[in-house]
């Protein structure tokens, strides 16, 4: 019953080419997602998800826990195998490439240069036993940087960009607060100037005041660097602040999608209405 | 001396030797790549040179002349024991002199005298995987090698410099072979790393317990990992060998009975050759050290 | 002239002689015969055969005598000998349903076809030191039963299988020949046949400890001892020139089938799963530990979360072999002075640079720490 409603809502909310929405030049998307599905045994993780993401565009995926949003993120980042559907990515100089046809070597290269992945828990995304500088420098070294001084000064710059004290360059992340760890993880991901970043609840584990500052920082970075991003969040305020566009998921399916302000101000699907009424009025 | 009755020449049966030689050929064809092989259970304990012994046994012929060293010396008990093993099972000639040997089996050193293209150096390897301390899972390290994904190793070196001001690895210092495979040179001191580079001799590595062989073919590029602004460097001593006055050799520190110290060549053949040629050091008087 | 450690060869030869004398002990005490070891230390012989991967009671007894009772050393001796033996062929898979039972117990059924057979077991001996054994005594006479045991007894798992209550045990697709770990290196991921082979050669104490850990919550697999059976099994080969199986002898085996809970998945209904253990001779502790570890190692295949050491195949299988472990631990006795020298020099250099920051510290003997030559 809700499927029909959802289709209508989705149709109503995807009026024109996304390039217009994001204010970017037209043409091919950065990431094209078609019919993405994944089951866990008999249970649906994620079913028939399709969208285009353009360069510089930020998409928020929202829904309750168990809605399939994290599965979707893992599928997009090629951390999970697809049961059905396809993923195409615009590789510089090669055009839109089917990611399943990419060799593992190319895929890993992509992941450590052109992509980023910010884990919800920074401990999962950092090497806790090496210094902040080594954490930021790792990607540079993985792609061939061999000048210690330059790696170090680049790492220092990035600590400053994420508003960390550069004097803490040689300290282990274990001594940092949760907010600092998350900043470090962001710097570690952005150091190779990726074009696409996946973020899994990047502010969920933090205090409210810390969250607000981190969100401001993220918004600045995304704008300054022209990043495209897919952000999974259960927090509609995060989506409101960061995302151009929003995708509402329930039970593994997309129930509504559209411009963030439109969806949040005038939700069409009853489930979205419920989400908005219960959360956003705070 | 005669070979041991009841056993094949050099202990291993010919099928096993062929199997190991096939693995070695593959290793030579892919410099620095670790080739899994059906390591046999040897009558010497794992970790005591079973890999090197199997490699030596599989390439040894009647006419070969074998030298065995441990810590650079022909006289340490483990070197003596392995030499005795080949004496008993193969009965071929052995030597202490580097230049006379056609095969040199070694643990932890490369001889000081330059090797030539008619010689093979066989290393005993305890842990063949250079990334094992950073990533113990073999399924993972195999993939990192396949993709030449060695950023992890440089993270370690970066961290050393950040913490100590220099790279704090002194032995088993990782190298990149022929610009492709990261390789553990076995626990030789980093002092010996430059000798791996463009060596005229074939260098074979055997890890018995871990069941891997690998190789550096003659005249192959071998680079020690470093940073452009923190280049690889080797140990050097302020004073020469106290016995032969050598200034270019790796020195062992010996604590003397009186509590004093003396620095002498770890390569016993090199030291003795120099002494025989008339070089004398500051402490060249007989000293008793009970073993 | 000074030489680091000279005279190694005569020292080694002398150590052989000392060892031989120590092994023999007081010459006034009669020397052990292999028959005595084989007959009266039979459980020690069984363990050496199992982990030595060679079923030969006489050689195992010899190894134990030569090793002065050190089991791991005896296992090493037997392995080193085994590796030199030519291979004439592989046997037909043994059928433990045809085992001539000397012991057979099930913890899951009170009674079952073929019955429970306690057999020779220490289980109910109350562990009181029997001081009468301090002196030689007359040989005891074993009790006899009136009727013989049936020639074949169905395994408990077969009974459950008829009902579909336990997973079927099927060969892998294409029925590939199993890896021979004594000829080929262990590779990961390892299939179950390879894992079982590795465990069968593995150290009893290690498997016991790992199996124990699964009972204490580290990878709980809710085991029941479905059946443990011990006895003699005929060993058959098919000679090429004959084309049919002939019996070449019999060997004693202990088999343990653990039965474990399994909730089922989308494809499979809830059912029991198996953990399997098999060991040469009377080796109940070993085969039970093995069965627990085998089941824990199936976590991935059964879609269970891997959280504990006993479930991590690379960790478990890389460290089962006590000959490898013993060798590598004890190789630390070998000289490491070149590496140590390098570390010593590094440490001095670090201390010198930290001393330079403070006041001048003590002079470093011998080494000029900062003098490094840069290699081109």
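Residue numbers (the numbering used here), protein chains in the order written: chain A, 1 to 282; chain B, 1 to 291; chain C, 1 to 376.
Backbone N, C-alpha and C define an ideal beta-carbon position, used for all residues, glycine too.
Which chain B residues sit within Cβ distance under 8 Å of residue 12 (chain C)?
-> For this step, residue 12 (chain C) is matched to residue 12 along the third chain. What residue 12 (chain C) touches in chain B: 77, 80, 81, 84.
Beta-carbon neighbours of residue 337 (chain C), restricted to chain B and to distances below 7 Å = In the third chain, counting from the first residue as 1, residue 337 (chain C) sits at position 337. Those are 71, 252, listed as they occur along chain B.
How would you label residue 201 (chain A), buried or exposed, when you count the other beta carbons within 10 angstroms and need 16 or more for buried?
-> As a working note, residue 201 (chain A) is residue 201 in the first chain. Buried.
Contact list for residue 188 (chain C) against chain B, beta-carbon separation under 9 Å = Within the third chain, numbered from 1, the residue matching residue 188 (chain C) stands at position 188. Residues of chain B passing the Cβ test: 137, 138, 139, 142.
Those runs of the beta strand (DSSP E) which lie wholly inside the region 129-212 of chain B and span at least 3 residues = 175-177, 181-183, 202-207
May I have the straight-line CA-CA distance separating residue 365 (chain C) from residue 164 (chain B), to the nearest angstrom?
-> Position 365 of the third chain holds residue 365 (chain C). Position 164 of the second chain holds residue 164 (chain B). No answer about residue 365 (chain C) holds up, because its pLDDT of 43 lies below 50 and its placement is not dependable.
For residue 161 (chain A), which residues from the same chain have a beta carbon less than 6 Å from its beta carbon, with the 5 sequence-adjacent residues on both sides left out?
-> For the purposes of this step, residue 161 (chain A) is taken as residue 161 along the first chain, with counting starting at 1. If we look at residue 161 (chain A) and ignore the five residues flanking it on each side, it has no Cβ neighbours.
Could you list which residues in chain B have their beta carbon closer than 7 Å to that of residue 146 (chain A), in chain order?
-> Position 146 of the first chain holds residue 146 (chain A). Those within 7 Å of residue 146 (chain A) in chain B are 227, 228.
List the endpoints of the continuous beta strand (DSSP E) containing residue 218 (chain C).
-> Taking the first residue of the third chain as position 1, residue 218 (chain C) is located at position 218. Counting along the chain, residue 218 (chain C) falls outside any beta strand (DSSP E), and DSSP gives it neither H nor E.
Are residue 162 (chain B) and residue 172 (chain B) touching if we call contact CB-CB under 7 Å?
-> Within the second chain, the letter at position 162 stands for residue 162 (chain B). Within the second chain, the letter at position 172 stands for residue 172 (chain B). Their beta carbons are not under 7 Å apart, which means residue 162 (chain B) does not touch residue 172 (chain B) by this criterion.
Smallest Cα separation from residue 222 (chain A): which of A:237, A:205, A:189?
-> Indexing the first chain from 1 puts residue 222 (chain A) at position 222. Selected option, being the one with the closest Cα: A:189.
Do you know whose CA, among A:139, A:151, A:59, lies nearest residue 230 (chain A)'s CA?
-> The count along the first chain starts at 1 and reaches residue 230 (chain A) at position 230. Checking every option, the nearest Cα to that of residue 230 (chain A) belongs to A:59.
Do residue 49 (chain A) and residue 72 (chain A) have their C-beta atoms within less than 7 Å of each other?
-> The sequence position of residue 49 (chain A) within the first chain is 49, counting from 1. The sequence position of residue 72 (chain A) within the first chain is 72, counting from 1. Yes, the Cβ-Cβ distance between residue 49 (chain A) and residue 72 (chain A) is below 7 Å.
From B:274, B:18, B:159, B:154, residue whose alpha carbon lies closest to that of residue 132 (chain A) | On the first chain, residue 132 (chain A) is found 132 positions in, with the first residue counted as 1. Of the listed residues, the one whose Cα sits closest to residue 132 (chain A) is B:159.
Any Cβ of chain A within less than 7 Å of the Cβ of residue 175 (chain B)?
-> Walking along the second chain from the start, residue 175 (chain B) turns up at place 175. Not closer than 7 Å to any Cβ of chain A, the Cβ of residue 175 (chain B) fails to qualify, so no.
Backbone CA spacing between residue 48 (chain C) and residue 207 (chain B) [nearest angstrom] = Taking the third chain and counting its residues from 1, one reaches residue 48 (chain C) at position 48. Taking the second chain and counting its residues from 1, one reaches residue 207 (chain B) at position 207. Approximately 26 Å, taken between the alpha carbons.
Starting from residue 39 (chain A), follow its DSSP beta bridges and name the residues at the other end.
-> Against the first chain, residue 39 (chain A) aligns to sequence position 39. Beta-bridge pairing links residue 39 (chain A) to A:44.
Do you know how far the Cα of residue 266 (chain A) is from the Cα of residue 274 (chain A)?
-> Translated into positions along the first chain, residue 274 (chain A) becomes position 274. Translated into positions along the first chain, residue 266 (chain A) becomes position 266. Approximately 12 Å between the Cα atoms of the pair.
Along chain B, in chain order, which residues have C-beta atoms closer than 7 Å to that of residue 162 (chain C)?
-> Here residue 162 (chain C) refers to the residue found at position 162 when the third chain is read from its first residue. Here the premise fails: no neighbours, minimum Cβ distance about 39 Å.
Would you mind stating whether residue 252 (chain B) and residue 266 (chain B) have Cβ atoms separated by less than 7 Å?
-> What you label residue 252 (chain B) is simply residue 252 of the second chain in a count that begins at 1. What you label residue 266 (chain B) is simply residue 266 of the second chain in a count that begins at 1. In contact: residue 252 (chain B) and residue 266 (chain B) (Cβ atoms closer than 7 Å).
Classify residue 268 (chain B) as buried or exposed, calling it buried when 16 or more other Cβ atoms lie within 10 Å of its own Cβ.
-> Numbered from its first residue, the second chain carries residue 268 (chain B) at position 268. Counting Cβ neighbours within 10 Å, residue 268 (chain B) comes out buried, since at least 16 surround it.
With C-beta atoms as the reference, is residue 222 (chain B) less than 7 Å away from residue 243 (chain B)?
-> Taking the second chain and counting its residues from 1, one reaches residue 222 (chain B) at position 222. Taking the second chain and counting its residues from 1, one reaches residue 243 (chain B) at position 243. Not closer than 7 Å, so no.
Across which residues does DSSP place residue 36 (chain B) in a beta bridge pair?
-> Walking along the second chain from the start, residue 36 (chain B) turns up at place 36. BP columns for residue 36 (chain B) point to B:212.
Determine which residues of the region 154-179 of chain B have a Cβ less than 9 Å from any Cβ of chain A, and write them out in chain order.
-> 154, 155, 156, 157, 158, 159, 161, 162, 163
Which residue comes first and which comes last in the beta strand (DSSP E) that contains residue 121 (chain B)?
-> Position 121 of the second chain, counted from the start, is the residue given in the question as residue 121 (chain B). Its beta strand (DSSP E) spans residues 120-124.
Determine the burial state of residue 280 (chain B): buried for a count of at least 16 other Cβ atoms within 10 Å of its Cβ, exposed for fewer.
-> In the second chain, residue 280 (chain B) corresponds to position 280, counting from 1. Its Cβ having fewer than 16 others within 10 Å, residue 280 (chain B) is exposed.
Consult DSSP for residue 23 (chain A) and reduce its assignment to one of helix, strand or coil.
-> The residue given as residue 23 (chain A) occupies position 23 in the first chain. Since pLDDT at residue 23 (chain A) reaches only 40, below the 50 mark, its modelled position is unreliable, and no value is offered.
Considering only residues of the same chain and omitting the five flanking positions on each side of residue 61 (chain C), which have a CB-CB separation below 7 Å?
-> What you label residue 61 (chain C) is simply residue 61 of the third chain in a count that begins at 1. Taken in chain order, the residues that qualify are 34, 37, 38, 45.
Can you find a CB in chain B that lies within less than 7 Å of the CB of residue 16 (chain C)?
-> To locate residue 16 (chain C), count along the third chain from 1; it is residue 16. With 7 Å as the cut-off, residue 16 (chain C) does not count as an interface residue toward chain B.
Minimum Cβ-Cβ distance from residue 147 (chain B) to chain A less than 7 Å = Residue numbering aside, residue 147 (chain B) sits at position 147 when the second chain is read from its first letter. Residue 147 (chain B) counts as touching chain A.
Tell me whether the beta-carbon of residue 245 (chain A) lies closer than 7 Å to the beta-carbon of residue 259 (chain A).
-> Here the question's residue 245 (chain A) lines up with position 245 in the first chain. Here the question's residue 259 (chain A) lines up with position 259 in the first chain. Going by C-beta atoms, residue 245 (chain A) is nearer than 7 Å to residue 259 (chain A).
Straight-line Cα distance separating residue 270 (chain A) from residue 64 (chain A) | Walking along the first chain from the start, residue 64 (chain A) turns up at place 64. Walking along the first chain from the start, residue 270 (chain A) turns up at place 270. Each residue's Cα considered, the two are about 14 Å apart.
When the Cα atoms are used, what is the spatial distance from residue 272 (chain A) to residue 248 (chain A)?
-> Stepping through the first chain from its first residue, residue 272 (chain A) is reached at position 272. Stepping through the first chain from its first residue, residue 248 (chain A) is reached at position 248. One C-alpha to the other measures close to 7 Å.
Within the 7 Å Cβ cut-off, does residue 100 (chain A) reach chain B?
-> Working through the first chain from its first residue, we reach residue 100 (chain A) at position 100. With 7 Å as the cut-off, residue 100 (chain A) does not count as an interface residue toward chain B.
Taking only beta-carbon atoms, is residue 197 (chain C) less than 7 Å away from chain B?
-> Numbered from its first residue, the third chain carries residue 197 (chain C) at position 197. Not one chain B Cβ lies under 7 Å of residue 197 (chain C).
Could you give the residue range of the alpha helix (DSSP H) that holds residue 66 (chain B)?
-> Counted from its first residue, the second chain places residue 66 (chain B) at position 66. Careful: residue 66 (chain B) lies outside any alpha helix (DSSP H), inside the beta strand (DSSP E) at 65-70.
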